[in-house]
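Participant:
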């Protein structure tokens, strides 16, 4: 009925454009009201619920507040993890660099002497030696070699040169049954005597003044234990320990290299995309990587529901 009355009004006054526009707008309002009235009270209830939901204040303890708090805690945790990752990365990078420099420093001072000692193949049982000559010299020309040197890379300006005779009779046996030095058949005579395999070291383990007082000067001609090389019989040293030599070699090789490998491995896993993809590679077969029909139908139904809302 409302529609027919509107039409008659529009046709009865064609000359007035203002009235026709007003009647058109009134007709649209009447049509919308009729549709809402035919659909029942659903529109009013829906709009009222939406207004109440929008205008109602958020109360403490509600689901929205808990979700916001959880989101904030998650963001704070992510920020803390990022900071921890950054500082850990700095520490790992520093450790890797220091490991390289430490290993390069240990090569001439620990690794090389230890390998030289192993190659020389010293007899672990000390034999009997006597110092027959002790020369103290000064000047670079006079110090072509030294029995003891403090600093393996320093130039020699003062040196102690000791020469010994040795016999392969174990020193423990010599102490139980001393011999007359004039009747002893020395295996090697007048050979150089070194403090260790390299003939040098660093304080406080190496002190050349104490070494010279222990074996030279007034102790010339007194028997003492020494170690000779089975590979080079003319080489005689005063200090040798197979266990300590192997222990220092293993530590100098393992510790810097393991620290470097761990640091580089962790940094590569964190910051190298190729390494991360290789480590997180899925074990599923190729066909399992595609969604099934049920998954596709479920996704389509979820999309339809989202469109309706």
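In UniProt numbering, the protein residues as written are 1 to 309. The beta carbon of each residue, even a glycine, is placed where N, CA and C say it ideally should be. As the structure is a computational prediction, the values presented were derived from the model and not from experiment.
In terms of residues, what are the limits of the beta strand (DSSP E) holding residue 169?
Facilitator: Note, residue 169: beta strand (DSSP E), 158 to 170.
Participant: Please report how far the alpha carbon of residue 147 lies from the alpha carbon of residue 259, in whole angstroms.
Facilitator: Those two C-alpha atoms are separated by around 37 Å.
Participant: Could you name the residues that DSSP lists as bridge partners for residue 137?
Facilitator: BP columns for residue 137 point to 159.
Participant: Leaving out the 5 sequence neighbours to the left and right, which residues in its chain are closer than 8 Å to residue 194 when beta-carbon positions are compared?
Facilitator: Cβ within range, chain order: 147, 148, 235, 236, 237, 238.
Participant: Quick check on the burial criterion: 16 or more other C-beta atoms within 10 angstroms. Buried or exposed for residue 113?
Facilitator: With 16 or more other Cβ atoms within 10 Å, it is buried.
Participant: Counting along the chain, where does the alpha helix (DSSP H) carrying residue 258 start and finish?
Facilitator: Start and end: 242 to 271.
Participant: Is the segment 122 to 139 close to the segment 205 to 222, with three or more CB pairs under 8 Å?
Facilitator: Yes, they touch.
Participant: What do you reckon, are the CB atoms on residue 240 and residue 228 nearer than 7 Å?
Facilitator: Cβ distance not < 7 Å, so residue 240 and residue 228 don't count as in contact.
Participant: From 152, 128, 157, 151, pick the residue whose C-alpha is nearest to that of residue 140; which is it?
Facilitator: Of the candidates 152, 128, 157, 151, the one whose C-alpha sits nearest the C-alpha of residue 140 is 157.
Participant: Consult DSSP for residue 116 and reduce its assignment to one of helix, strand or coil.
Facilitator: Helix.
Participant: In angstroms, rounded to a whole number, what distance separates the CA positions of residue 108 and residue 98?
Facilitator: Each residue's Cα considered, the two are about 17 Å apart.
Participant: Can you tell me which residues form a DSSP beta bridge with residue 93?
Facilitator: BP columns for residue 93 are empty, so no partner.
Participant: Identify, in the order they occur along the chain, each residue of the same chain with its Cβ nearer than 8 Å to the Cβ of residue 248, setting aside the five sequence neighbours on each side.
Facilitator: Once the five neighbours on either side are set aside, the close Cβ partners of residue 248 are 110, 114.
Participant: Please classify residue 226: does DSSP put it in a helix, a strand, or coil?
Facilitator: Correct three-state label for residue 226: strand.
Participant: Could you spell out the range, first to last residue, of the beta strand (DSSP E) harbouring residue 189?
Facilitator: First-last of the beta strand (DSSP E) with residue 189: 188 to 194.
Participant: Give me the residue from 159, 164, 166 with the minimum Cα distance to residue 207.
Facilitator: Per the Cα distances, 159.
Participant: Measuring CA to CA, which of 182, 187, 161 is closest to residue 170?
Facilitator: The shortest C-alpha separation from residue 170 is found at 187.
Participant: Nearest by alpha-carbon distance to residue 204: which of 151, 90, 68, 104 is it?
Facilitator: The shortest C-alpha separation from residue 204 is found at 151.
Participant: Taking C-beta to C-beta, are residue 174 and residue 102 nearer than 7 Å?
Facilitator: No, they are not a contact pair.
Participant: Going by DSSP, which residues form a beta bridge with residue 201?
Facilitator: In DSSP, residue 201 forms a bridge with 150.
Participant: Could you name the residues of the same chain whose beta carbon sits closer than 7 Å to that of residue 244, not counting the 5 residues immediately before and after it, in chain order?
Facilitator: For residue 244, where only same-chain residues beyond five positions count, there are no Cβ hits under 7 Å.
Participant: How should residue 211 be labelled, buried or exposed, when 16 other C-beta atoms within 10 angstroms of its C-beta is the threshold for buried?
Facilitator: With 16 or more other Cβ atoms within 10 Å, it is buried.
Participant: Give me whichever residues DSSP pairs with residue 236 in a beta bridge.
Facilitator: 193, 228, per the DSSP bridge assignment.
Participant: Please report the distance separating the alpha-carbon of residue 230 from that of residue 122.
Facilitator: If you take the alpha carbons of residue 230 and residue 122, they lie about 6 Å apart.
Participant: So what does residue 130 bridge to, in DSSP terms?
Facilitator: Note: residue 130 sits in a beta bridge opposite 165.
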